[in-house]
Each structure stands twice: as structure tokens, then as C-alpha cells.
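Visitor:
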Amino acid sequence: MLIENPGLALTEVLREGIIRARGLYAQCDLTNPNSPSSTVAIVREHNGRLDCLTLADSPSWSAPTAAR
17 MLIENPGLAL TEVLREGIIR ARGLYAQCDL TNPNSPSSTV AIVREHNGRL DCLTLADSPS
77 WSAPTAAR
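Structure (C-alpha cells):
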């Protein structure tokens, strides 16, 4: 997508990627909180600028600690 449209906003690139991925997995229940999640980081040099976009949608978990 960026090759065909190098000036496309990174938010649009991410949006289209999410739409395409969702279409590939239409049978999955993406409203389920146990559905897969993702982290995306995009960096691009364009017209002498550095464009950055991050999406952090990855859950974390830590084991409970013993009471002290």
C-alpha cells in the first residue's frame, strides 16, 4: 500500500491493514476479550521527515505475589 501511495498517512495505512486482517479472520469473534491483540510500530522517512506511528494493544499479565 505504501509503495503505491508513499504519501499516504500512516493512520490510513494502519486502518487499511486492520480492515484487511479483519476480513481474513471474519469467522473470529473479535468482540471476545480473549481475542488476539497486536502491537504495531511503523517508522517511515518521507520528504525529509520521519513519520512514526505506534499502536499498543497487547495485554500484559503478572503473577500475583504472596502477601508480606
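Add 16 to the 1-based position in the sequence shown for the working numbering, that's all there is to it.
We put the beta carbon where it would ideally sit given N, CA and C, even for glycine.
The structure displayed is predicted, hence computed values, not measured ones.
(1) Compute the Euclidean distance between the alpha carbons of ALA4 and GLU32, then round it to the nearest angstrom.
(2) Span of the beta strand (DSSP E) holding ALA37?
(3) If distances are taken between C-alpha atoms only, which option among LEU69, ILE34 and HIS62 comes closest to SER53?
(4) Can you name, in chain order, every residue of its own chain whose Cβ lies under 8 Å from the Cβ of LEU30, other than the five neighbours on each side?
Guide: In terms of the structure at hand:
(1) The question about residue 4 has no answer here: the residues shown for the chain are numbered 17 through 84.
(2) ALA37 -> not in any beta strand (DSSP E); alpha helix (DSSP H) instead, spanning 26–40.
(3) ILE34
(4) Around LEU30: VAL56, ILE58, LEU69 and LEU71.
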